Amino acid sequence: MGNFVKPKPAANINEPQQIHIGFGQRLTDIIILWSTKNNDSSVAEYYTGNTNSKAIKGETIHFEGNPLGCQYLHRVYISNLTPGKKYFYKVFGQDSDSTSSQYSFTIPDVKKPLTYMIYGDLGLLSANLQFLKHEVILDPQKYSAIFHIGDIAYDLGSDGGRRGDKFLNAIQPMAAHVPYMTIPGDHELFPGSKDHYRFRFSTPNAGWPMPMYQLWYSLDAGLIHFVCISTEVFFLDKDNIDRQMKWLEEDLEAVNEDRSKHPWIIVLGHRPMYCSVNDDSEDCRKTDSVVRTRLEDIFYKYGVDLFISGHQHLYERTYPVYKNKVLAFSNRNPRATIHFIVGSLGNQYLTEFSSKPGGPWSANVVSAMEMEIYGKVKAFNDTHLFWTANKAMDNGVVDKAWIIQNQHGPFDQVVIPDPLGAAGKQWRKHNQEDDNTFINLNFFYVDKDDYNTRVTVLMFTFIFLIFGICFRKKILNSFRYCCINHDKCKNGQLIPM
């Protein structure tokens, strides 16, 4: 491990530990969470280095579900911070021995391209956890956030809660500096861990502890609109299926009202729709996949660009795929969602193999034992997004892909290129249909049914023209004869020439 230094244990029984941060409702809001052994108040003091510090009081909860671990959980919400600015902070309570060390975070500047680290299925046994932390610690400003997409710690409630304590202390060196965003996997919905997830983490647009009926959220992050869902509503939390599906459709419909604000839509969920694991009993291998049945049509309807998941302990990337069919063997202007699985950090718990691609839709699959991989996504602008899959041990690139999308929006709409270029784009943006400055472009932006009708008309027109060209001489001679012999023509007495 070289010079990597392990975090020191708490110096006293009530020193704050398990410190981690996350985004609030906006990227300019930060939530700080930590734990203590004893009951104490919750205060966070923050400053930029050249101004007076500010102190914010928060909430303290006694969590009885953690009998062998830290039972007092703390949360402070800080709002209206400045994009691009670095803040220093520490947390404490009334107890004189309850002050933490100093940490820092930087609020993302959405005017610049931002990079996000994404992985699932990370626990204390993951072989490359230390390397993963080192990647973040070396340059905390490199990543605007880390998304852990389910199966956290294996499991948060194990060993009377001590497993969750150890895991959160292990990731503190990175999670105290970079927002650590989560979604639930199947392990977070197990009876012994359900409350641990709800109490130990806090997400945007939800109260604290997080209610079971709101374990999902969305986040506007500049060019990207992240949608973080619970795929467990289809398996272990069925009471909330309708509630989440209603919210999901409303959220995707809202972001599509003006896709220019957040052109890229990335959905994060624990269980995948497609996978190439050898085990045919897995949902993602079935022709009637539950996750696919519930989500694929709505993703297609609203033009979800990427769906990133874990659960299967391998890495995989697909081509644009819909209804088990590849729509293109290219990522240029895809007309369906591209899928990624980044679950190989769970290899130490269960190694899953793929001896062959699960279908023609599989662009790349890596299931080598002990090949622990994390993903990185970066939107450079509204048309170009870059994805890489890196080995956690040495950051070696395992897979990479540019996704180029010039026409964001619902995939079931056919878009014919705008003949006016920038002028047409400006017209669409301002919806100036009645402005004489712009030519009406309704012909060029049509839905699928209208498009099919127009194609049919064009085909018949084309056939008619071909017929006319092939028999033009006979047709012209017939017309000439009609003009010369008007009376005979009138009586239908045409004599072939």
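Reminder that position 442 of the sequence shown reads as 442 in full-length UniProt numbering, one-by-one numbering, no gaps. Beta carbons are placed, not taken as given, at the ideal position from N, Cα and C, and that holds for glycine. Only a predicted model underlies this, so the values are computations on that prediction, with no experimental measurement involved.
For residue i, list the residues DSSP reports as bridge partners.
| i | result |
| --- | --- |
| Ile30 | Phe23, Ile78 |
| Lys473 | BP columns for Lys473 are empty, so no partner. |
| Ala44 | Ile56, Val91 |
| Phe226 | Leu219, Ile266 |
| Lys325 | Tyr322 |
| Leu122 | Ile152 |
| Tyr72 | Thr36, His62 |
| Ala401 | Trp387 |
| Gln17 | Ser35 |
Within 10 angstroms of its Cβ, does residue i collect 16 or more other Cβ (buried), or is it exposed?
| i | result |
| --- | --- |
| Asn14 | buried |
| Pro272 | buried |
| His262 | buried |
| Thr293 | exposed |
| Glu472 | In the sequence as presented, Glu is not what sits at residue 472; that position holds Arg. With fewer than 16 Cβ atoms within 10 Å of its Cβ, Arg472 is classed as exposed. |
| Thr51 | exposed |
| Gln348 | buried |
| His148 | buried |
| Pro184 | buried |
| Ser289 | buried |
| Pro360 | exposed |
| Asn169 | buried |
| Lys133 | buried |
| Glu257 | exposed |
| Arg332 | exposed |
Excluding five sequence neighbours on each side, which residues of the same chain lie with their C-beta closer than 8 Å to the C-beta of residue i?
| i | result |
| --- | --- |
| residue 546 | Lying before the first or after the last residue shown, residue 546 is absent from the chain, which here runs from 1 to 497. |
| Gly58 | Ile32, Ser42, Val43, Ala44, His74, Arg75, Val76, Tyr77 |
| Lys85 | Thr48, Thr106, Ile107 |
| Pro140 | Ser104, Phe105, Thr106, Met174, His177, Val178 |
| Asn390 | Ile373, Tyr374, Gly375, Lys376, Gly396, Val397, Val398 |
| Gly160 | Asn66, Pro67, Leu68, Gly69 |
| Lys54 | Glu45, Tyr46, Tyr47 |
Counting only the same chain and skipping the five closest in sequence on each side, list residues whose C-beta sits under 6 Å from that of residue i.
| i | result |
| --- | --- |
| Pro83 | Ile107, Asp109 |
| Thr388 | Lys376, Val397, Lys400 |
| Met393 | Asn128, Phe131 |
| His196 | Leu156, Gly157, Gly164 |
| Asn364 | Arg317, Asp399 |
| Phe226 | Leu219, Ile266 |
| Lys378 | Pro113, Thr115, Phe386 |
| Asn12 | Asp97 |
| Asp95 | Asn14, Asp40 |
Please list the terminal residues of the continuous alpha helix (DSSP H) segment that includes residue i.
| i | result |
| --- | --- |
| Phe299 | 290-302 |
So residue i is in the beta strand (DSSP E); what residue range does that whole segment cover?
| i | result |
| --- | --- |
| residue 499 | The structure shown does not extend to residue 499, since the chain spans only 1 to 497, so no value can be given for it. |
| Val267 | 264-268 |
| Glu316 | 315-318 |
| Leu105 | The residue you asked about is not Leu; residue 105 is Phe in the sequence shown. Run containing Phe105: 103-106, per the beta strand (DSSP E) assignment. |
| Thr115 | 115-119 |
| Ser309 | 306-309 |
Given residue i, which residues of its chain have a CB within under 7 Å of its CB, disregarding the five upstream and five downstream residues?
| i | result |
| --- | --- |
| Ser193 | Asp155, Leu156, Gly157, His187 |
| Ser98 | Asn14, Glu15, Pro16, Thr36, Asp40, Phe92 |
| Leu236 | Asp186, Leu189 |
| Asn278 | Phe353, Ser354, Ser355 |
| Glu64 | Gln71 |
| Trp216 | Cys228, Ile229, Ser230, Gln244, Trp247 |
| residue 498 | No information on residue 498 is available, as it lies outside the stretch 1 to 497 that the chain covers here. |
### Query
What are the complete beta strand (DSSP E) segments, minimum 3 residues, inside the region 139-223?
145-149, 180-183, 217-221
### Task
Run through the UniProt domain "Purple acid phosphatase C-terminal" (336-399) for me and flag every whole beta strand (DSSP E) of 3 or more residues, listed as ranges in chain order.
338-342, 362-366, 373-379, 384-391
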